[in-house]
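Enquirer:
Protein chains: 6
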Amino acid sequence: MSEKPISRFPVPALPDMPEDIRALILSVQEKAGFVPNVFLALAHRPDEFRAFFAYHDALMERDSGLTKAEREMIVVATSGANQCQYCVVAHGAILRIRARDTLIADQVATNYRKADVTPRQRAMLDFAMKVSQSAHSVDDADFAALSAHGFSQEDVWDIGAISAFFALSNRFANMVSLRPNDEFYLMGRVARG
Amino acid sequence: MSEKPISRFPVPALPDMPEDIRALILSVQEKAGFVPNVFLALAHRPDEFRAFFAYHDALMERDSGLTKAEREMIVVATSGANQCQYCVVAHGAILRIRARDTLIADQVATNYRKADVTPRQRAMLDFAMKVSQSAHSVDDADFAALSAHGFSQEDVWDIGAISAFFALSNRFANMVSLRPNDEFYLMGRVARG
Amino acid sequence: MSEKPISRFPVPALPDMPEDIRALILSVQEKAGFVPNVFLALAHRPDEFRAFFAYHDALMERDSGLTKAEREMIVVATSGANQCQYCVVAHGAILRIRARDTLIADQVATNYRKADVTPRQRAMLDFAMKVSQSAHSVDDADFAALSAHGFSQEDVWDIGAISAFFALSNRFANMVSLRPNDEFYLMGRVARG
Amino acid sequence: MSEKPISRFPVPALPDMPEDIRALILSVQEKAGFVPNVFLALAHRPDEFRAFFAYHDALMERDSGLTKAEREMIVVATSGANQCQYCVVAHGAILRIRARDTLIADQVATNYRKADVTPRQRAMLDFAMKVSQSAHSVDDADFAALSAHGFSQEDVWDIGAISAFFALSNRFANMVSLRPNDEFYLMGRVARG
Amino acid sequence: MSEKPISRFPVPALPDMPEDIRALILSVQEKAGFVPNVFLALAHRPDEFRAFFAYHDALMERDSGLTKAEREMIVVATSGANQCQYCVVAHGAILRIRARDTLIADQVATNYRKADVTPRQRAMLDFAMKVSQSAHSVDDADFAALSAHGFSQEDVWDIGAISAFFALSNRFANMVSLRPNDEFYLMGRVARG
Amino acid sequence: MSEKPISRFPVPALPDMPEDIRALILSVQEKAGFVPNVFLALAHRPDEFRAFFAYHDALMERDSGLTKAEREMIVVATSGANQCQYCVVAHGAILRIRARDTLIADQVATNYRKADVTPRQRAMLDFAMKVSQSAHSVDDADFAALSAHGFSQEDVWDIGAISAFFALSNRFANMVSLRPNDEFYLMGRVARG
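Shown next as structure tokens:
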């Protein structure tokens, strides 16, 4: 395991964390087998930790017209555009697992226009990228394009809100030089029989 | 008062909101004299509402080496760069009030390099803008520049985290076409005797 | 009143100015109640002063298919894009007065796509912004779009020429660090009964 | 001679022009042997014509610490960056003649950093390009760099003001699709014995 | 194995290729276990095929002050910036193998500034990216920075020439929609004991 | 004749070059009357020299649906966008000669949208510029646009491949500060009777 620093800022030890945060981290560790570094880096600021993961789960765990894999596609595509190493590596792993597809994450991270996605998913990613890179110019034509692909108004909110949330996440990770856990790189790369 | 829509998405009526959200909105209304539209637009998604304002308050209300006025400068400068009408108008009003300065918000929104700020505040805004516009290239030299102006490590986190949070906020507001309340435009523009 | 410098360059005293320039400045002062700083900064170069204001008036005072308020919208939108503090603050004031609208200037300066303008005015501002930001790519389709909104050929010239003139003005103001007069910030913000 | 249109807009016949404009055009024709198209295109708007050429001459004909060739370098470099065909071709010809250098115009138009200019001229062009492309970020360091090369405060104004004026001129020419006269292309390309 | 098209253009069958190209492809297949799609797509144009691989080998196989892994870092970093899926996936695999490092390729592809590279390699990648993204502004300071890190003049040529060659390669691959072979994604991801 | 250096890197003397390279250079000199500097600069690296000119000739000399003049238009337009002085000056000369047009090169180099080209050539240049400046976003609509102008699939490859090759060439020339021969500037500027 790498011993490189995982953040430019202090990272608290588990025993020094508030109880709710320690409990959440331990439960994540139990499920994943390791603690993703974003939990440790954000634990330096407990209130921000709580808000960040509440926001994340509100978007990524809710019932939605978008599958969980599609939501991860949005994360990976916009994080690639924002050159966020942590988000591309960590959410790339999650995308591979959710989509049961060993290739999709690297495709979407590099150039989603050339990825193995449906036309509907392409429209979803076009909108997510516009919110990510030039939200000021979003207008009626963008909403019409999504509607034409069968997205509901709530789906559009989900796409835009996920893109907006990771605009925050990408900037935070780049600011603190958040290091992706070594474990993420290989996850989901070998198809299960 | 304007009757233009305040969001592209449905806005719930107060009686239809969850109790905690209605209570928060009523308390804001009592203090401010009106309900800022961001509360109403986000109430469409209660979980996101709760996370958004918890995050906001964690950054904007905490004890910090930055004054509250300085934190609003960060919001206004980065929201100007992101062409976010709601954030510039609403937080411009708050900045005028917090800084007791009738000119500062319009200056910072348009070109912070020409604003009446101290060299220390200029360095703060340079970093906030870099996190906002090209966080991928933040590096050691940026941290050294802030340190040279006396910012602590925690101050730097605050600057970057506020900039990152409003990267989310700006994109959300532009996506939903969030309309600034008419009340904000004039707030803090007349100096008190 | 602020005592900050209004220009990086020398500013002549009224008695030292050529007679025609002094007379013009005094007449402006009489009408406005103060002397906008652009007059004082440019008086350092009398020939440029004369040409600048002749050009300005040829565009902004002529009979035109554009209202005076619409012409100020063009100024404010393009000056916002060029981050020109003087032009946004000073012409924002004039726009509020000409349009008898207390909100329009801040809306247009930040993101004209979200401003309370008609579809025709939106098309006008789209063209003005294209001339301002990428004139090299203006082509037939842009002229057709304006024609479809009922703009005459002379109107199109006006839109483009105003945008081009303030491309000069914005760069001049940023180069000399032209300071907006304090008076502009509040002008036109309180609706008359 | 080419019979392509010289402007998207109407071009008046000489007899239909105001007397002062016709006289000026005839005197230019006598000196140059032909009428540069910018005179004809702008004659469509006599007041703008007068202001434009008054401004041009105030900057390009005044006594200055910059040679006339250096001023044309500024025009050609910034017009190249703005993709203004008329200005590059017409002022390229003037630059060749003023500098008595058959190569300099094509060098400066394409990439002034690789042109046969002195370090002082390189600094001049760096500043002109910054005013042309990102005037909002001009600051003290830029003025210090010019001062270190011996430029006076008045010289700096000249550099910036010429760059700003051609920001207008380039946008106007691109908007009207101003066609360079065929005569310009070969002017100054053959060294005199 | 995927049955998606590997190029927008016709791909010749092995028996229809010129003898030298078929022989080269068969030898690559023997060594790698599969035929990288760039060989098949370019075989549509035998003369371009021969020149492309001759150029590639002249840069990537020559004796150089850069290791083969370092040369692949240049390819992966610049291809990431150019959003070239084929080059990132294929050369990412080669980089992992050459560097015997399972993490480095994903790090460099997303944001080389956050990758596990030495300061000397960071300087190498800074220069490669400048040649890739704004070669027109390369100047003396860039050469001095490389020299300070011990790069010889020949090393600098190598860095710049590899970056320039993949500027071609990235554009070709994006133009033809060159599909990365499925085999590349997993290569080099499992460290050998 | 200029005695300025033609490259930042060593330039071998003719007698020191490999026989095949010397022979090629002498034959070029015989035909053109001088040796274009790109041959001398690249002779520093014989293998790259051979691959470069093989690639160049494969694209520029092959039978094609594009005339040789059209291919040079692609070179000049994209080299202008990349600010490559050598390529604009040298290929501008070749374009003038191949097109028997004294004006076309300066027009295309500065702004191809205003050049005297046919609508078909305009579509060709639009595609070439997209491959040059944002190849990652090339998609079906671009191919359809070319097809609508009668370009075959092979023509499209030619357009894109020439643009891609000069992406390499432009970066190489800017990296080594390749100086255009003085002879190029005047070539093809005087129409033959």
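Chains as they are written, first to last, in the working numbering: chain Y, 2 to 194; chain X, 2 to 194; chain V, 2 to 194; chain W, 2 to 194; chain S, 2 to 194; chain H, 2 to 194. In this text, a Cβ means the ideal position worked out from N, Cα and C, and glycines have one as well.
Step through the CB atoms of chain X and report whether any lies within less than 7 Å of the CB of Y/ARG172.
Expert: yes
Enquirer: Any C-beta of chain W sitting closer than 7 Å to the C-beta of X/ASN112?
Expert: yes
Enquirer: What is the residue span of the alpha helix (DSSP H) that Y/VAL77 lies within?
Expert: 69-82
Enquirer: How is the alpha helix (DSSP H) around V/CYS88 delimited, first residue to last?
Expert: 86-100
Enquirer: Enumerate in chain order the residues of its own chain whose CB-to-CB distance from V/LYS131 is below 8 Å, with the five nearest sequence positions on each side excluded.
Expert: So the list reads SER138, VAL139, ASP143, once near-sequence residues are dropped.
Enquirer: W/LEU41: which of W/SER135, W/GLN154, W/LEU126, W/PRO181 sits nearest, CA to CA?
Expert: Closest option to W/LEU41, Cα to Cα, is W/PRO181.
Enquirer: What does a CB cutoff of less than 7 Å around Y/GLN86 pick up in its chain, not counting 5 residues either side in sequence?
Expert: PRO181
Enquirer: Would X/LEU147 pass as a contact of X/ALA116 if the rule is Cβ separation under 7 Å?
Expert: no
Enquirer: Are X/ASN175 and Y/ALA129 closer than 7 Å when you measure CB to CB?
Expert: no
Enquirer: Please classify V/ILE1: does DSSP put it in a helix, a strand, or coil?
Expert: Residue 1 of chain V lies beyond the residue range present for chain V, which begins at 2 and ends at 194; the question has no answer from this structure.
Enquirer: Looking at the C-beta of S/GLN108, does it have a partner C-beta in chain Y at a distance below 7 Å?
Expert: yes
Enquirer: If you count every other CB in all the chains shown that lies within 10 Å of the CB of W/ARG172, and 16 or more means buried, which is it?
Expert: With 16 or more Cβ atoms within 10 Å of its Cβ, W/ARG172 is classed as buried.
Enquirer: Contact criterion: CB-CB distance below 7 Å. Does V/GLN84 meet it with respect to chain W?
Expert: Closer than 7 Å: yes.
Enquirer: What first and last residue would you give for the alpha helix (DSSP H) that runs through V/LEU179?
Expert: Element bounds for V/LEU179: n/a, residue is neither H nor E.
Enquirer: Could you check what DSSP says for S/GLU62 in three-state terms: helix, strand or coil?
Expert: Note: S/GLU62 maps to coil in three-state DSSP.
Enquirer: In angstroms, rounded to a whole number, what distance separates the CA positions of W/ALA192 and W/LEU104?
Expert: 10 Å
Enquirer: Among X/LYS69, X/GLU4, X/PHE167, X/ALA59, whose alpha-carbon lies nearest the alpha-carbon of Y/HIS45?
Expert: The candidate whose alpha carbon is nearest that of Y/HIS45 is X/ALA59.
Enquirer: Given a cut-off of 7 Å, decide if X/ALA78 and X/PHE1 are closer than it, judged by their beta-carbon atoms.
Expert: In the structure as shown, chain X begins at 2 and stops at 194. Residue 1 of chain X is therefore absent and cannot be evaluated.
Enquirer: List the residues of chain Y whose Cβ lies closer than 8 Å to the Cβ of H/SER65, in chain order.
Expert: The premise fails here: H/SER65 is roughly 27 Å from chain Y at the closest Cβ pair, so nothing lies under 8 Å.
Enquirer: Counting contacts by CB-CB distance shorter than 7 Å, is S/VAL177 in contact with chain Y?
Expert: No, because no Cβ of chain Y sits closer than 7 Å to the Cβ of S/VAL177.
Enquirer: Show which residues of chain S have a CB atom less than 9 Å away from the CB atom of Y/ASP183.
Expert: THR103, LEU104
Enquirer: Are X/PHE167 and X/SER80 close, meaning C-beta to C-beta below 7 Å?
Expert: yes
Enquirer: Grab the span of the alpha helix (DSSP H) containing Y/LYS131 for me, first residue to last.
Expert: 120-135
Enquirer: For S/THR103, does the three-state DSSP call read helix, strand or coil?
Expert: coil
Enquirer: Specify whether the stretch 152-159 of chain Y and the stretch 63-79 of chain Y touch according to this definition: at least 3 beta carbon pairs, one from each stretch, less than 8 Å apart.
Expert: yes
Enquirer: How long is the line joining the alpha carbons of Y/ARG114 and S/ALA106, rounded to whole angstroms?
Expert: If you take the alpha carbons of Y/ARG114 and S/ALA106, they lie about 21 Å apart.
Enquirer: If you check the beta carbons only, do W/ALA165 and V/LEU179 fall under 7 Å apart?
Expert: It is not a contact, given that the beta carbons lie outside the stated cut-off.
Enquirer: How many Å lie between Y/GLY34 and Y/MET188 at the Cα?
Expert: 12 Å
Enquirer: Rounded to whole angstroms, what is the Cα-Cα separation between X/PRO11 and Y/PHE152?
Expert: 16 Å
Enquirer: Could you check what DSSP says for S/VAL191 in three-state terms: helix, strand or coil?
Expert: It is coil, neither helix nor strand.
Enquirer: With a Cβ-Cβ cutoff of 7 Å, do Y/ILE7 and Y/ILE75 count as a contact?
Expert: no
Enquirer: Would you mind working out which of Y/ARG63, Y/ARG51, Y/VAL118 sits nearest Y/PRO19, comparing C-alpha positions?
Expert: Nearest Cα to Y/PRO19 within the set Y/ARG63, Y/ARG51, Y/VAL118: Y/ARG51.
Enquirer: Looking at the C-beta of Y/LYS115, does it have a partner C-beta in chain S at a distance below 7 Å?
Expert: yes
Enquirer: Please name the residue in Y/VAL177, Y/ASP48, Y/VAL36 whose C-alpha comes closest to that of X/TYR56.
Expert: Y/ASP48
Enquirer: Could you check what DSSP says for Y/ARG46 in three-state terms: helix, strand or coil?
Expert: coil
Enquirer: Quick check: is the beta carbon of V/ARG190 nearer than 7 Å to any beta carbon in chain X?
Expert: yes
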